[in-house]
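**Q** The structure follows.
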Amino acid sequence: MLKAAMRTLAAAATAATLAFPAEAKPVEAKPVEAKPVETRQGPDISHFTLANGLEVVVIPDHRVPVVTHMIWYRVGAADEQRGKSGIAHFLEHLMFKGTEANPAGVFSSIVAEVGGQENAFTSNDYTSYFQRVARDELETMMRLEADRMTGLQLTDEVVLPERDVVLEERRMRTDNDPAAQLGEEMASSLFRNHPYGVPVIGWEQEIKALGRQDALAFYRRFYTPNNAILVVAGDVAADEVRTLAERTYGKIAPRAEVAPRVRPAEPPPRASRVVTLADPRVAQPSIQRQYLVPSYSRAAPREAEALDVLAHVLGGGQTSRLHRKLVVDRKLATSASAWYHGSAYDETRFGVWASPRPDVSLDDLEAAIDAVLADLIETGISDDELVRAKTRLVAETVYAQDSQTALARIYGVALTTGSSIEDVRAWPDRVKAVSAAEVQAAARKWLDMRRAVTGRLVKAPPPGEKRS
Amino acid sequence: MTRLHALGRRLGAPLAAALSLTLMPVTLMPLTAMTLALVSEADAETATRIERVVSPGGIKAWLVREPAVPLIALEFAVTGGSTQDAPSKAGTANLVSGLLDEGAGDLDSAAFQDRLDAKAIELRFSASRDHLSGSLKTLAENRDEAFGLLALAVNAPRFDAEPVERVRQQVLAIIRRKSTNPNAMSSEAWWAAAFPGHVYGRPVEGTAETVTAIGPEDLRAFVGRVLARDTLKIAVVGDIDAATLAPLLDKVFGRLPATGQRLDVADAAPQGLGQRLVIDVDVPQTVLTFGWPGLKRDDPDFVPAYVLNHILGGGTFSSRFYREVREKRGLAYSVYSYLMPLDHAGLMIGRVSTRNDRAAESLAVIEGEIARLAKEGPSAEELDKAKKYLIGSYALRFDTSGKIAGQLLQIQLDDLGIDYIHRRNGLMAAVTIEDVRRAAARLLHGKLLVSAAGRPVGLAQPAGGGGQGG
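So the sequences go chain by chain: A and B. Numbering that gives the first Met the number 0 numbers the first residue of the first sequence as 0 and each following residue consecutively. Numbering that gives the first Met the number 0 numbers the first residue of the second sequence as 0 and each following residue consecutively.
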C-alpha cells in the first residue's frame, strides 16, 4: 500500500484533480493532462462535422461490446466572467437536474438501469460529460445528452442545495488542505491577468453568490452544438455514429454564435515571486516552483515536446536528475519531481517539486534544486537521457491504447485546448524528432526566475502561540 | 511506472492541471471493496477466453490472450501483508513493497531503475492488510526483459542500506503528512478503535517508531516467510500466449519456497459500536468515517449484502445516501459506503465530509437511512434497479488489460472459481427481496462506530456509547 498511500496522500496534499468515476482505481496516474497520443488504430479514427457545427470523433475499439460516449464543450473556468468564478463548474453540476422532456433524475436513472457509469468534469478549458455503456445503449445516451444540450430546466429548489454541495466540494478539496491552498495562491501569483489564476471551483464568496440565472446565462451562451465535440470510443463504426448523431444531436439548431476564445493575456513577467503558506497542520513541508511556459497550442514547433522531454529528464521518476541528485545522492529530499502541463489553450505551467528530509531547510533544498536546473541549462542533457525520455513518452501512447476511455479523453482534451486530431496522431513522431539541443534551449529560455513563482509550504506555530 | 514517478504525478499533476473537477468524487475505496467485480452476459466472450496455464514447474496462472494492443499486464499476490508484520516492526510489509524494485541480484537500485526506465517497463509492488502484490506492465516487445527484472525483484531483492534508508524516509514523510490530514486521521482513528490489539487496528504503514525500527534483516525475513508459492495467485492479460508464458512463470516464481511461514491471524469483528470519537483538528469540514460489521467474502449472503450496500451507499447517483445527504440537503459532496471483506473480518464502512456545523445533521441523516432500510427493506423497484445496474455494469470492469488482470486476480484471491465470471450475473439476478431483507437484518443494526476529524458541532457521544475523544 506504500505506493497507493503515496498517491492518495499526494493527491490529498494538492488541489486535487481526479477524473474517472467510482470504479476507477483509487487515483489515476495522469488524469487530466493526458498527452496527445498517437494510436496504432490512428488511421481508423474518424473525424467529421455535422451541419449544425458539432464536431464528431470516433475511435474504434472492438475488444469489448462497450462504448464511451463523451460530449465536450469548448468552455471552462477560464471563460467565466470576472466575479462569477465557479459558474462553469456549478453549471456542470446543475446539468444533472433535468429537462422538460427528461425531468430530474431520469437521465441518471436510465444510465444506471442499463448498467452504465457516468460522470462529468470541468477544467479551465473544457467541460465534459460522459457515460460508459453497453454498445446497444449508445443511441439512448446520445438522445438524452442532446436533449440536455439545450433543454435544461432549473429551479431554486434544486439549485440552492447543489450550491451547498459545491461549497462542500471546495471545503474538501481546498479549505481542508493547506497544500491545495498553496496551489491556489501560486496559480493566482503566476497568472496575474489571465483567468488561469482563478481556481476552477471558484472563490468561496463568489460561489455563494451564484444563482440560477447565472447558470442559465452561461449555459445559453456556451452550450450549443457549434461549440461542442462528440467523442465516441468503443465497439462502434464511424458510419453508425454518424447516423445516430444526425438523428439526435443533428436536430439541435445552433443557439449562440461562438466567439473566438480570447482571454486576457499575461503581460511579460518580470519578477521572481515567492508565496509562502504557513499552517499549523503542515507536518511535512515542501517547496515547489512553477514557471509560465507555452502550451502545445501556443508553442513554437517542437518546443512543447521539448518541455515534455525536459520534465521527464528532470523529474520523471527514479532515474531523473532531481531524484538522483536530491533524494539519492545528497539525501536532502524524500521525493522530488517535475511536470509539464502541456494541454492548455493558453500559456501554461512547468513545475518542479520537492519535499525535504527532516532537518533540511527549504532554503538548502531550493538551492539544490537550483543547482540541478543550472547544470542542465548550462550543459544540456545526455543522449542517453534523451533516448530514455522519448522511449517513455512514446510507450505511454501505446499504454493509452489499452483504454478506450483514456483515448476518448486524450482526443477531447486535445480538441478543446487548441490541438487537432493530426497533432495527436503525429505527437510520437514529433517527440522522436526532439534534439538534446532543443531541450537545453527550452530549459534556458523558459526556466527563468523572472517567469517563476516559488511556493513554500511550511509549518506555522499553533494559533495559540501567535495570537495575542 | 516507478513509485516516485507516480508520486511526482500525483503531487505535480494536479497543481499543473489547475484541476479538473468531477461531478462525483472518485472514492478511494480499497480494491477489496470492489471484490464483486464481475461480467455481463455480453462479456462472456472475455470470460471464455480465460486459460488456466500451468508451467512445467507447477506454477499456475490465469491468462487472457489479447493481441489487439501490444502490451502485457501481469498481476500477482500472496497472502500476507501488514498482518505479517511483527507488532514492534509494523510497516514491514509496506516497506518491503517499496523496496522490491530498489535493487536485486547484481543490479543495485540505480541500475535496476535504469533497466526499467530504458524500456518503459512499469513495475509496482504494494502491501495491503492481507496481501503483498505486484503489478507489471510492459510493451510486448520488451517481454523478456520485463519478466527478467520481475524475477530478480521477486527472488533476489537486495535491501541495500541506501535505498532502505531512502524509502524509510519517504514512508516517514507519508506518516507525518497523514498525522494532520483529516481524511487519514478519521480513518486511522476508526481502525484503531475498531480493532484494538489486533493487527487490523494498526496502519499498514506502521508508525514513526516502528518504521524506524525496521532493519534490512527484517525485510529479508519477511520476504522469506511470506513470498512463497502456496498462496500465490497470478493473472496475465495481453499479447502473450500460454506456451510463451509457462516458462516465464517458472523463471519468475519457480524458485520461491513452496510454503510460507506465516503468523496466525485471529478472526476479528469491529469493536466500539455506538462510540463517536472526535479527533480535534482545526479544519472547516469534518471528515466522518463510520462502520460496523459486514460479511466476509465467502458468506452465503455476501451477494445480497452487496446489492444492499449498492442501494444504501453504492457508487451511483441513486443510492439513498447520495439522494438524502447530497442531493436533497446539500450536506456533502462525497458520501458513500462499501463492503470490505477482509480475510479475517467483514466490514461495512462509509465516509462523509460535511462542514463542521452540519456534521451532526449529516450523521443523523445517515443513521436514519440505515435504520429505515433495516426496518422497511428496499422497495421492489429499488431492488430491480440495483440489480440491473450491477449486472449491466459488470462488463465495464473488463475494458482494459490492466482491469481484466486485476479482476482475474481478485477472483482467484476470493476463491470463486474460473467460471465465476460466467456465474456472477446469474447470482446477482437471483437475489430476491427476501435475500436483501435477510442481509439487512444481519447487517443494519444501526450501531455504528464513528470517528470524526474536524471541529464538529453537536456531535455528542450518544447515550451508552462509552467512547473517548481522540
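Backbone N, C-alpha and C fix where the C-beta goes; we use that ideal spot for every residue, glycine too. Predicted, not measured: the structure shown is a model, and the values here were computed from it.
(1) Would you say L35(B) faces chain A, with C-beta separation under 8 angstroms as the test?
(2) Using the C-alpha atoms, what's the distance from A277(A) back to A208(A)?
(3) Would you decide whether K250(B) is buried or exposed? Buried here means 16 or more other CB atoms lie within 10 Å of its CB.
(4) Can you pull the chain B neighbours of N192(A), defined as C-beta to C-beta under 9 angstroms?
(5) Nearest to V197(A) by CA position, among R288(A), K83(A), V230(A) and D163(A), is which residue?
(6) Note the first and the last residue of the continuous alpha helix (DSSP H) segment covering W202(A).
(7) Checking contacts by CB at 8 angstroms: is P215(B) closer than that to chain A?
(8) Counting only Cβ-Cβ distances shorter than 8 angstroms, please list the residues of the region 373-397 of chain B near chain A, keeping chain order.
(9) In chain order, what residues of the region 158-176 of chain A put their CB closer than 9 angstroms to some CB of chain B?
(10) Helix, strand or coil: how does DSSP classify S450(B) here?
(11) Quick one, which of A264(A), Y339(A), H322(A) and P427(A) has its alpha-carbon nearest P162(B)'s?
(12) Listed from N- to C-terminal order along the chain, which residues in the region 168-200 of chain B have their beta-carbon within a distance smaller than 8 angstroms of any beta-carbon of chain A?
(13) Would you kindly work out how many angstroms separate the C-alpha atoms of G453(B) and V282(B), rounded to a whole number?
(14) Compare the Cα-Cα distances from P292(B) to each of T285(B), N308(B), V210(B) and V280(B) and report the closest residue.
(15) Buried or exposed: A388(A), going by 16 or more other Cβ atoms within 10 Å of its Cβ?
(16) Could you tell me the boundaries of the alpha helix (DSSP H) in which K177(B) lies?
(17) Closer than 9 angstroms by beta-carbon distance: list the chain A residues that pair up with R327(B), in chain order.
(18) In chain B, what lies closer than 7 angstroms to T333(A) by C-beta?
(19) Which residues mark the beginning and the end of the alpha helix (DSSP H) in which H197(B) is found?
(20) How about the region 56-67 of chain A and the region 383-402 of chain B: do they share at least three Cβ pairs that are nearer than 8 angstroms?
(21) For R443(A), does the count of other Cβ atoms within 10 angstroms reach 16, so buried, or fall short, so exposed?
(22) How many Å lie between L361(A) and L306(A) at the Cα?
(23) Under 8 angstroms, Cβ to Cβ, is there at least one residue of chain B near E22(A)?
(24) Say whether chain B places a C-beta atom closer than 8 angstroms to the C-beta of E112(A).
(25) Any chance you could list the alpha helix (DSSP H) runs of at least 4 consecutive residues sitting entirely within the region 37-107 of chain B, in chain order?
(26) In chain order, what residues of the same chain have a beta carbon less than 7 angstroms from the beta carbon of Q152(A), not counting five sequence neighbours either side?
(27) Assuming contact is defined by CB atoms lying nearer than 8 angstroms, are G411(A) and I251(A) in contact in what I supplied?
(28) Taking 8 angstroms as the CB-CB cut-off, is P471(B) touching chain A?
(29) Suppose contacts are defined by Cβ-Cβ distances below 8 angstroms. Is N477(B) in contact with S108(B) by that definition?
(30) Return the residue from the list D159(B), L131(B), V203(B) and Y199(B) that minimises the CA-CA distance to V222(B).
(31) Does A32(B) come within less than 8 angstroms of chain A when only Cβ atoms are used?
(32) Say whether chain A places a C-beta atom closer than 8 angstroms to the C-beta of A331(B).
(33) Exposed or buried, which one is Q283(A) when buried takes at least 16 other CB atoms within 10 Å?
(34) Go through its chain and collect everything with a Cβ distance to D472(B)'s Cβ below 7 angstroms, but skip five positions before and after it.
(35) Please classify Y337(B): does DSSP put it in a helix, a strand, or coil?
(36) By DSSP, does S45(A) sit in helix, in strand, or in coil?
**A** In this structure, then:
(1) Its pLDDT being 26, under 50, L35(B) is placed unreliably by the model, and the measurement read from it follows with that caveat. Chain A contact via Cβ: absent.
(2) 29 angstroms
(3) buried
(4) Here the premise fails: no neighbours, minimum Cβ distance about 15 angstroms.
(5) Check the Cα spacing between V197(A) and each of R288(A), K83(A), V230(A) and D163(A): the tightest is with K83(A).
(6) Premise fails: W202(A) is in no alpha helix (DSSP H) and is neither H nor E.
(7) Not a single CB atom of chain A sits nearer than 8 angstroms to the CB of P215(B).
(8) K384, K387, Y388, L389, I390, G391, S392, Y393, A394, L395, R396 and F397
(9) L159, P160, E161, R162, D163, V164, V165, L166, E167, E168, R169, R170, M171, R172, D174, N175 and D176
(10) strand
(11) H322(A)
(12) Those would be Q168, Q169, V170, L171, A172, I173, R175, R176, K177, S178, T179, N180, P181, N182 and A183, in chain order.
(13) The straight-line gap from Cα to Cα measures roughly 5 angstroms.
(14) N308(B)
(15) buried
(16) A160 to K177
(17) Before going further, note that residue 327(B) is Lys rather than Arg in the sequence given. For the C-beta of K327(B), the chain A residues within less than 9 angstroms are, from N- to C-terminus, P160.
(18) Q168, Q169 and A172
(19) Per DSSP, H197(B) belongs to no alpha helix (DSSP H) and is neither H nor E.
(20) yes
(21) exposed
(22) L361(A) and L306(A) have their C-alpha atoms some 26 angstroms from each other.
(23) Summary for E22(A): the model assigns pLDDT 26, below 50, so the residue's position carries little reliability; its value from the coordinates is reported in the next sentence. E22(A) counts as touching chain B.
(24) E112(A) counts as touching chain B.
(25) 43-47 and 91-98
(26) Cβ within range, chain order: G97, T98 and E99.
(27) no
(28) Since the first and last residues shown for chain B are 0 and 469, residue 471(B) lies out of range.
(29) Since the first and last residues shown for chain B are 0 and 469, residue 477(B) lies out of range.
(30) L131(B)
(31) The predicted position of A32(B) is uncertain, since its pLDDT is 27 and thus under 50; no value can be drawn from it.
(32) A331(B) counts as touching chain A.
(33) Burial of Q283(A) is indicated by the presence of at least 16 other C-beta atoms within 10 angstroms of its C-beta.
(34) In the structure as shown, chain B starts at 0 and stops at 469, and residue 472(B) therefore has no counterpart that could be examined.
(35) Of the three classes helix, strand and coil, the one that applies to Y337(B) here is strand, per DSSP.
(36) S45(A) falls in the strand class under three-state DSSP.
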